[in-house]
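Worksheet: one structure, shown below.
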Amino acid sequence: MSQVLISQLAHVELLTPRPEESLTFMRDVMGLYESERVGQSVYLRGWGDFFHHSLVLTEAPEPGLGHVGWRARGPEELQTAVERLEATGLGEGWYEDAIGHGPAYRYRGPGGHLHELFWEVERWVAPPELASPYPNRPQRFEPRGVAARQLDHVTVMTGDVMGDVAWYRDTLGFRFMESTVPDEHPDVVVFAMVTTNEKSHDLGLLVDLSDVRGRIHHLAFWVDSRDEVHRAADVLLNAGASIEFGPGRHGMGEQEYLYFREPGGVRIELNTGGYRIYQPDWEPVKWTPSQGSQTFYRNLAMPDSMLEAFPPAAAVRVPAAPEEANPWSVVSVS
3 MSQVLISQLA HVELLTPRPE ESLTFMRDVM GLYESERVGQ SVYLRGWGDF
53 FHHSLVLTEA PEPGLGHVGW RARGPEELQT AVERLEATGL GEGWYEDAIG
103 HGPAYRYRGP GGHLHELFWE VERWVAPPEL ASPYPNRPQR FEPRGVAARQ
153 LDHVTVMTGD VMGDVAWYRD TLGFRFMEST VPDEHPDVVV FAMVTTNEKS
203 HDLGLLVDLS DVRGRIHHLA FWVDSRDEVH RAADVLLNAG ASIEFGPGRH
253 GMGEQEYLYF REPGGVRIEL NTGGYRIYQP DWEPVKWTPS QGSQTFYRNL
303 AMPDSMLEAF PPAAAVRVPA APEEANPWSV VSVS
(Lines of atoms letter the chains of each structure in order from A; the text may use other names.)
(Lines give C-alpha, C1' and ligand atoms only; values in the text may rest on other atoms or scores of the structure.)
Protein backbone atom coordinates (compact mmCIF):
# COMPACT_ATOMS: atom_id res chain seq x y z
CA MET A 3 0.00 0.00 0.00
CA SER A 4 1.52 3.31 -1.09
CA GLN A 5 2.05 6.24 1.26
CA VAL A 6 -0.41 9.02 0.45
CA LEU A 7 1.57 12.21 -0.10
CA ILE A 8 -1.02 14.59 -1.59
CA SER A 9 -4.05 16.04 0.19
CA GLN A 10 -6.03 17.50 -2.68
CA LEU A 11 -6.31 19.00 -6.13
CA ALA A 12 -5.72 22.71 -5.45
CA HIS A 13 -5.96 24.46 -8.82
CA VAL A 14 -5.83 24.06 -12.59
CA GLU A 15 -4.53 26.48 -15.21
CA LEU A 16 -6.51 26.57 -18.46
CA LEU A 17 -5.17 28.13 -21.64
CA THR A 18 -7.62 30.14 -23.72
CA PRO A 19 -7.36 31.97 -27.06
CA ARG A 20 -10.34 34.15 -25.99
CA PRO A 21 -9.32 35.36 -22.53
CA GLU A 22 -11.90 38.10 -22.02
CA GLU A 23 -14.79 35.90 -23.14
CA SER A 24 -13.55 33.00 -21.01
CA LEU A 25 -13.26 35.30 -18.01
CA THR A 26 -16.75 36.73 -18.49
CA PHE A 27 -18.16 33.22 -18.78
CA MET A 28 -16.38 31.92 -15.70
CA ARG A 29 -17.37 34.94 -13.65
CA ASP A 30 -20.92 35.67 -14.80
CA VAL A 31 -22.18 32.24 -15.89
CA MET A 32 -20.16 29.86 -13.70
CA GLY A 33 -20.33 32.28 -10.78
CA LEU A 34 -16.61 32.23 -9.95
CA TYR A 35 -14.88 35.10 -8.17
CA GLU A 36 -11.77 36.90 -9.36
CA SER A 37 -8.89 36.86 -6.87
CA GLU A 38 -6.08 38.55 -8.77
CA ARG A 39 -4.64 39.43 -12.18
CA VAL A 40 -0.97 39.03 -13.04
CA GLY A 41 0.31 39.48 -16.59
CA GLN A 42 -1.75 37.39 -19.01
CA SER A 43 -3.37 35.35 -16.22
CA VAL A 44 -6.51 35.81 -14.13
CA TYR A 45 -6.96 33.87 -10.87
CA LEU A 46 -10.46 32.74 -9.85
CA ARG A 47 -12.19 30.59 -7.26
CA GLY A 48 -15.60 29.16 -6.40
CA TRP A 49 -17.50 30.56 -3.44
CA GLY A 50 -16.61 27.44 -1.43
CA ASP A 51 -12.92 27.20 -2.37
CA PHE A 52 -10.76 27.88 0.68
CA PHE A 53 -7.57 28.95 -1.08
CA HIS A 54 -6.56 32.02 -3.09
CA HIS A 55 -7.65 30.40 -6.35
CA SER A 56 -8.75 27.14 -7.92
CA LEU A 57 -8.66 28.22 -11.57
CA VAL A 58 -6.15 30.21 -13.59
CA LEU A 59 -7.11 31.51 -17.04
CA THR A 60 -4.09 32.32 -19.19
CA GLU A 61 -4.12 33.73 -22.69
CA ALA A 62 -2.64 31.37 -25.28
CA PRO A 63 -2.94 30.68 -29.05
CA GLU A 64 -5.08 27.56 -28.54
CA PRO A 65 -7.11 25.95 -25.75
CA GLY A 66 -5.34 23.54 -23.46
CA LEU A 67 -3.86 22.79 -20.07
CA GLY A 68 -1.25 25.04 -18.51
CA HIS A 69 -0.56 23.12 -15.33
CA VAL A 70 -2.23 21.26 -12.46
CA GLY A 71 -1.56 22.30 -8.87
CA TRP A 72 -1.64 19.87 -5.93
CA ARG A 73 -1.23 20.44 -2.21
CA ALA A 74 0.91 18.01 -0.23
CA ARG A 75 -0.28 16.56 3.08
CA GLY A 76 2.51 18.34 4.90
CA PRO A 77 6.09 19.59 4.56
CA GLU A 78 7.57 16.14 5.17
CA GLU A 79 5.29 14.56 2.57
CA LEU A 80 6.28 17.29 0.12
CA GLN A 81 9.95 16.47 0.59
CA THR A 82 9.29 12.75 0.18
CA ALA A 83 7.35 13.42 -3.01
CA VAL A 84 10.15 15.58 -4.39
CA GLU A 85 12.70 12.84 -3.76
CA ARG A 86 10.50 10.29 -5.53
CA LEU A 87 9.82 12.62 -8.45
CA GLU A 88 13.50 13.33 -8.91
CA ALA A 89 14.17 9.59 -8.93
CA THR A 90 11.74 9.17 -11.85
CA GLY A 91 13.63 11.71 -13.95
CA LEU A 92 10.45 13.73 -14.56
CA GLY A 93 11.12 16.47 -12.01
CA GLU A 94 11.72 20.00 -13.34
CA GLY A 95 12.74 21.75 -10.13
CA TRP A 96 11.43 24.35 -7.72
CA TYR A 97 9.31 27.32 -8.75
CA GLU A 98 9.55 30.17 -6.24
CA ASP A 99 7.41 32.94 -7.74
CA ALA A 100 3.98 31.35 -7.45
CA ILE A 101 0.78 33.32 -6.88
CA GLY A 102 -1.41 32.16 -4.00
CA HIS A 103 0.92 29.54 -2.54
CA GLY A 104 4.49 28.94 -1.45
CA PRO A 105 7.38 27.33 -3.32
CA ALA A 106 6.22 24.57 -5.65
CA TYR A 107 8.07 21.62 -7.11
CA ARG A 108 7.24 21.21 -10.79
CA TYR A 109 7.23 17.92 -12.67
CA ARG A 110 5.84 16.28 -15.79
CA GLY A 111 3.45 13.39 -15.51
CA PRO A 112 4.16 10.46 -17.85
CA GLY A 113 1.51 11.80 -20.26
CA GLY A 114 3.42 15.07 -20.64
CA HIS A 115 1.22 17.21 -18.36
CA LEU A 116 2.87 19.86 -16.20
CA HIS A 117 2.10 19.62 -12.47
CA GLU A 118 3.27 21.44 -9.38
CA LEU A 119 3.21 20.32 -5.75
CA PHE A 120 3.38 22.60 -2.70
CA TRP A 121 2.50 22.80 0.98
CA GLU A 122 2.23 26.48 1.94
CA VAL A 123 -1.00 28.13 0.76
CA GLU A 124 -2.64 31.54 0.90
CA ARG A 125 -6.08 31.09 2.42
CA TRP A 126 -8.86 33.25 1.05
CA VAL A 127 -10.11 35.99 3.36
CA ALA A 128 -13.40 37.42 2.16
CA PRO A 129 -13.93 41.19 2.10
CA PRO A 130 -16.69 42.42 4.44
CA GLU A 131 -19.33 42.48 1.71
CA LEU A 132 -18.71 38.77 0.97
CA ALA A 133 -18.27 37.56 4.55
CA SER A 134 -20.39 34.52 5.41
CA PRO A 135 -22.62 34.34 8.48
CA TYR A 136 -21.37 30.75 8.83
CA PRO A 137 -17.86 30.49 10.30
CA ASN A 138 -16.97 27.34 8.35
CA ARG A 139 -17.44 28.96 4.93
CA PRO A 140 -14.76 31.02 3.18
CA GLN A 141 -17.36 33.49 1.94
CA ARG A 142 -21.06 34.20 1.54
CA PHE A 143 -23.08 32.09 -0.89
CA GLU A 144 -24.56 34.12 -3.73
CA PRO A 145 -26.83 32.52 -6.38
CA ARG A 146 -24.88 34.13 -9.21
CA GLY A 147 -25.03 32.14 -12.43
CA VAL A 148 -24.32 28.46 -11.86
CA ALA A 149 -22.74 29.31 -8.48
CA ALA A 150 -20.13 26.54 -8.66
CA ARG A 151 -19.00 25.78 -5.12
CA GLN A 152 -15.50 24.42 -5.67
CA LEU A 153 -13.05 22.69 -7.97
CA ASP A 154 -13.65 18.93 -8.16
CA HIS A 155 -11.40 17.10 -10.63
CA VAL A 156 -9.48 17.21 -13.88
CA THR A 157 -9.37 14.56 -16.60
CA VAL A 158 -6.35 14.39 -18.90
CA MET A 159 -5.33 12.37 -21.94
CA THR A 160 -2.54 9.82 -22.06
CA GLY A 161 -1.23 7.17 -24.42
CA ASP A 162 -0.86 4.57 -21.65
CA VAL A 163 -3.68 4.69 -19.11
CA MET A 164 -2.52 1.85 -16.88
CA GLY A 165 1.09 2.98 -17.11
CA ASP A 166 0.00 6.36 -15.77
CA VAL A 167 -2.10 4.72 -13.05
CA ALA A 168 0.94 2.80 -11.84
CA TRP A 169 3.14 5.91 -11.95
CA TYR A 170 0.76 8.11 -9.95
CA ARG A 171 0.14 5.29 -7.47
CA ASP A 172 3.75 4.27 -6.91
CA THR A 173 5.31 7.75 -7.05
CA LEU A 174 2.75 9.93 -5.28
CA GLY A 175 0.42 7.53 -3.49
CA PHE A 176 -2.73 8.02 -5.57
CA ARG A 177 -5.45 5.39 -5.08
CA PHE A 178 -6.69 3.51 -8.15
CA MET A 179 -10.49 3.43 -7.89
CA GLU A 180 -12.26 2.41 -11.11
CA SER A 181 -11.68 1.80 -14.82
CA THR A 182 -13.51 1.22 -18.10
CA VAL A 183 -12.73 -1.35 -20.78
CA PRO A 184 -14.56 -1.78 -24.11
CA ASP A 185 -17.04 -4.65 -24.14
CA GLU A 186 -15.23 -6.16 -27.12
CA HIS A 187 -11.71 -5.65 -25.66
CA PRO A 188 -11.88 -6.45 -21.92
CA ASP A 189 -8.10 -6.26 -21.47
CA VAL A 190 -7.72 -2.70 -22.81
CA VAL A 191 -8.30 0.03 -20.22
CA VAL A 192 -9.48 3.21 -21.93
CA PHE A 193 -10.32 5.26 -18.83
CA ALA A 194 -9.24 5.13 -15.21
CA MET A 195 -9.92 7.18 -12.09
CA VAL A 196 -7.36 7.84 -9.36
CA THR A 197 -7.67 9.91 -6.21
CA THR A 198 -5.70 11.32 -3.30
CA ASN A 199 -8.58 10.96 -0.84
CA GLU A 200 -11.96 9.24 -0.38
CA LYS A 201 -13.57 10.64 -3.56
CA SER A 202 -14.01 8.52 -6.66
CA HIS A 203 -11.39 10.66 -8.39
CA ASP A 204 -9.67 13.98 -8.54
CA LEU A 205 -7.66 12.88 -11.58
CA GLY A 206 -9.13 11.06 -14.58
CA LEU A 207 -6.91 9.36 -17.19
CA LEU A 208 -8.39 8.86 -20.67
CA VAL A 209 -6.69 7.08 -23.56
CA ASP A 210 -5.27 9.38 -26.25
CA LEU A 211 -4.75 7.97 -29.73
CA SER A 212 -3.11 11.14 -31.03
CA ASP A 213 0.60 11.96 -30.95
CA VAL A 214 0.03 15.22 -29.01
CA ARG A 215 1.15 15.00 -25.39
CA GLY A 216 -0.16 16.91 -22.39
CA ARG A 217 -3.79 17.30 -23.47
CA ILE A 218 -6.82 17.89 -21.27
CA HIS A 219 -10.27 16.36 -21.69
CA HIS A 220 -12.24 18.37 -19.14
CA LEU A 221 -12.19 20.30 -15.89
CA ALA A 222 -14.94 19.74 -13.32
CA PHE A 223 -16.52 21.94 -10.66
CA TRP A 224 -18.79 20.82 -7.85
CA VAL A 225 -22.30 21.96 -6.95
CA ASP A 226 -24.21 20.75 -3.92
CA SER A 227 -27.16 18.85 -5.36
CA ARG A 228 -28.72 17.20 -8.37
CA ASP A 229 -31.23 20.05 -8.49
CA GLU A 230 -28.35 22.50 -8.89
CA VAL A 231 -27.02 20.54 -11.87
CA HIS A 232 -30.42 20.84 -13.56
CA ARG A 233 -30.67 24.51 -12.62
CA ALA A 234 -27.21 25.00 -14.17
CA ALA A 235 -28.53 23.63 -17.47
CA ASP A 236 -31.16 26.37 -17.45
CA VAL A 237 -28.56 29.00 -16.58
CA LEU A 238 -26.29 27.88 -19.42
CA LEU A 239 -29.02 27.87 -22.04
CA ASN A 240 -30.28 31.27 -20.90
CA ALA A 241 -26.72 32.57 -21.27
CA GLY A 242 -26.56 31.32 -24.87
CA ALA A 243 -24.24 28.39 -24.14
CA SER A 244 -24.73 24.93 -25.68
CA ILE A 245 -24.93 21.79 -23.58
CA GLU A 246 -22.70 19.03 -24.92
CA PHE A 247 -23.80 16.06 -22.77
CA GLY A 248 -26.26 15.63 -19.93
CA PRO A 249 -27.64 16.20 -17.42
CA GLY A 250 -27.18 12.57 -16.45
CA ARG A 251 -25.42 10.22 -14.08
CA HIS A 252 -22.20 8.28 -14.56
CA GLY A 253 -22.03 4.67 -13.43
CA MET A 254 -18.39 5.14 -12.45
CA GLY A 255 -18.40 7.12 -9.23
CA GLU A 256 -22.21 7.54 -9.50
CA GLN A 257 -21.89 11.30 -9.94
CA GLU A 258 -24.42 13.51 -11.68
CA TYR A 259 -22.89 15.32 -14.66
CA LEU A 260 -23.39 18.15 -17.12
CA TYR A 261 -20.83 18.92 -19.86
CA PHE A 262 -20.43 22.10 -21.90
CA ARG A 263 -17.67 24.29 -23.38
CA GLU A 264 -16.32 27.58 -22.13
CA PRO A 265 -15.72 30.22 -24.86
CA GLY A 266 -12.04 29.36 -25.24
CA GLY A 267 -13.02 25.82 -26.23
CA VAL A 268 -12.17 23.68 -23.19
CA ARG A 269 -14.83 21.30 -21.92
CA ILE A 270 -16.21 22.00 -18.44
CA GLU A 271 -18.19 19.59 -16.28
CA LEU A 272 -20.49 20.33 -13.36
CA ASN A 273 -20.98 17.39 -11.03
CA THR A 274 -22.39 16.37 -7.69
CA GLY A 275 -23.30 13.26 -5.72
CA GLY A 276 -21.36 10.04 -5.85
CA TYR A 277 -20.09 7.88 -3.04
CA ARG A 278 -17.08 8.02 -0.72
CA ILE A 279 -14.60 5.17 -0.39
CA TYR A 280 -12.77 4.99 2.94
CA GLN A 281 -11.39 1.44 2.73
CA PRO A 282 -7.58 1.53 2.49
CA ASP A 283 -7.63 -1.89 0.79
CA TRP A 284 -10.21 -0.94 -1.86
CA GLU A 285 -10.09 -3.17 -4.92
CA PRO A 286 -10.46 -1.20 -8.20
CA VAL A 287 -13.75 -1.78 -10.02
CA LYS A 288 -13.75 -2.57 -13.74
CA TRP A 289 -16.66 -1.39 -15.89
CA THR A 290 -17.80 -1.77 -19.49
CA PRO A 291 -19.97 0.74 -21.38
CA SER A 292 -22.82 -1.78 -21.56
CA GLN A 293 -22.86 -1.85 -17.75
CA GLY A 294 -23.40 1.91 -17.67
CA SER A 295 -19.89 3.17 -16.99
CA GLN A 296 -20.60 6.47 -18.74
CA THR A 297 -24.40 6.63 -18.56
CA PHE A 298 -25.91 5.04 -15.46
CA TYR A 299 -29.39 4.68 -16.93
CA ARG A 300 -28.07 3.14 -20.21
CA ASN A 301 -30.51 5.11 -22.35
CA LEU A 302 -28.42 8.07 -23.52
CA ALA A 303 -25.78 7.91 -26.24
CA MET A 304 -22.64 9.92 -25.63
CA PRO A 305 -22.10 12.40 -28.50
CA ASP A 306 -19.04 11.86 -30.69
CA SER A 307 -17.77 15.28 -29.67
CA MET A 308 -16.97 13.92 -26.21
CA LEU A 309 -13.92 12.26 -27.78
CA GLU A 310 -12.35 15.68 -28.36
CA ALA A 311 -9.46 16.87 -26.22
CA PHE A 312 -7.39 20.04 -26.05
CA PRO A 313 -5.34 21.30 -27.71
CA PRO A 314 -7.00 19.71 -30.77
CA ALA A 315 -5.10 17.06 -32.70
CA ALA A 316 -5.46 16.08 -36.34
CA ALA A 317 -7.56 12.95 -36.55
CA VAL A 318 -10.17 11.13 -38.54
CA ARG A 319 -13.52 12.91 -38.53
CA VAL A 320 -16.10 10.88 -36.64
CA PRO A 321 -19.58 11.23 -38.20
CA ALA A 322 -22.42 12.15 -35.87
CA ALA A 323 -25.21 9.65 -35.42
CA PRO A 324 -28.26 10.65 -37.49
CA GLU A 325 -30.41 11.09 -34.39
CA GLU A 326 -27.93 13.40 -32.69
CA ALA A 327 -28.65 17.12 -32.75
CA ASN A 328 -25.62 18.24 -30.80
CA PRO A 329 -23.94 21.55 -31.74
CA TRP A 330 -20.49 20.07 -31.11
CA SER A 331 -20.89 16.89 -33.14
CA VAL A 332 -19.64 18.46 -36.38
CA VAL A 333 -16.20 19.17 -34.93
CA SER A 334 -13.42 16.82 -36.01
CA VAL A 335 -12.33 14.81 -33.01
CA SER A 336 -9.31 12.95 -31.82
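Whatever position you read off the sequence shown (first residue = 1), add 2 for my numbering. Yeah, the Cβ is synthetic: ideal placement off N, Cα and C, and Gly gets one too.
Note to self: Let me check understanding here. Comparing Cα to Cα, which of Ser244, Gly50, Ser134 and Trp224 lies closest to serine 307?
What the structure shows: Considering only Ser244, Gly50, Ser134 and Trp224, the residue with the shortest C-alpha distance to serine 307 is Ser244.
Check: Helix, strand or coil: which one does DSSP assign to glutamate 79?
Finding: Correct three-state label for glutamate 79: helix.
Check: Which class does arginine 73 belong to by DSSP, given the choice of helix, strand or coil?
Finding: Arginine 73 sits in a strand when the DSSP states are folded into three classes.
Checklist line | Spatial neighbours of leucine 7 in its chain, beta-carbon cut-off 7 angstroms, leaving aside the 5 residues before and after | finding: Within its own chain, the residues whose Cβ lies closer than 7 angstroms to the Cβ of leucine 7, once the five positions on either side in sequence are excluded, are Ala74, Arg75, Glu79, Thr82, Ala83, Leu174 and Gly175, listed in chain order.
Item checked: For tyrosine 259 and histidine 252, believed in contact at Cβ under 8 angstroms, the rounded distance -> So it is a contact: roughly 6 angstroms between Cβ atoms.
Check: Run through DSSP, which three-state label would histidine 232 get?
Finding: Looking at histidine 232 - three-state DSSP - the assignment turns out to be helix.
Next item on the list: Identify which residue in Pro286, Phe247, Ser37 and Gly266 has its Cα closest to the Cα of leucine 302.
Entry: Closest option to leucine 302, Cα to Cα, is Phe247.
Notebook entry, point to check: Given a threshold of 16 other Cβ atoms within 10 Å of its Cβ, counted over all protein chains shown, does glutamine 141 qualify as buried or as exposed?
Noted result: By the Cβ-count criterion, glutamine 141 is buried, with 16 or more other Cβ atoms from all chains shown falling within 10 Å of its own Cβ.
Checklist line | Best match in Ser4, Ser24, His232 and Pro291 for proximity to proline 184 [C-alpha to C-alpha] | finding: Answer by Cα proximity: Pro291.
Check: To which residues of the same chain is glycine 62 closer than 7 angstroms at the C-beta, ignoring the five residues directly before and after it?
Finding: Residue identity differs from the one stated: residue 62 is alanine in this sequence, not glycine. Take alanine 62, set aside five residues on each side of it, and the residues of its chain with a beta-carbon closer than 7 angstroms to its own are Leu17, Thr18 and Pro19, in chain order.
Checklist line | Length of the line joining the Cα atoms of tryptophan 121 and leucine 208 | finding: Take the alpha-carbon of tryptophan 121 and the one of leucine 208: they are about 28 angstroms apart.
Margin query: If I measure Cβ to Cβ from aspartate 210 and keep anything under 7 angstroms in the same chain, skipping five residues before and after, which residues do I get?
Written below: Excluding sequence neighbours, aspartate 210 sits near Met159, Thr160, Gly161, Arg217 and Ala311.
Notebook entry, point to check: Excluding five sequence neighbours on each side, which residues of the same chain lie with their C-beta closer than 6 angstroms to the C-beta of valine 31?
Noted result: Leaving aside the five residues that flank valine 31 on each side, the residues in its chain whose CB is nearer than 6 angstroms to its CB run, in chain order, Gly147 and Ala241.
Note to self: Assuming contact is defined by CB atoms lying nearer than 9 angstroms, are leucine 180 and histidine 155 in contact in what I supplied?
What the structure shows: Correcting the residue type first, residue 180 is glutamate in the shown sequence and not leucine. No, these two residues do not count as a Cβ contact at 9 angstroms.
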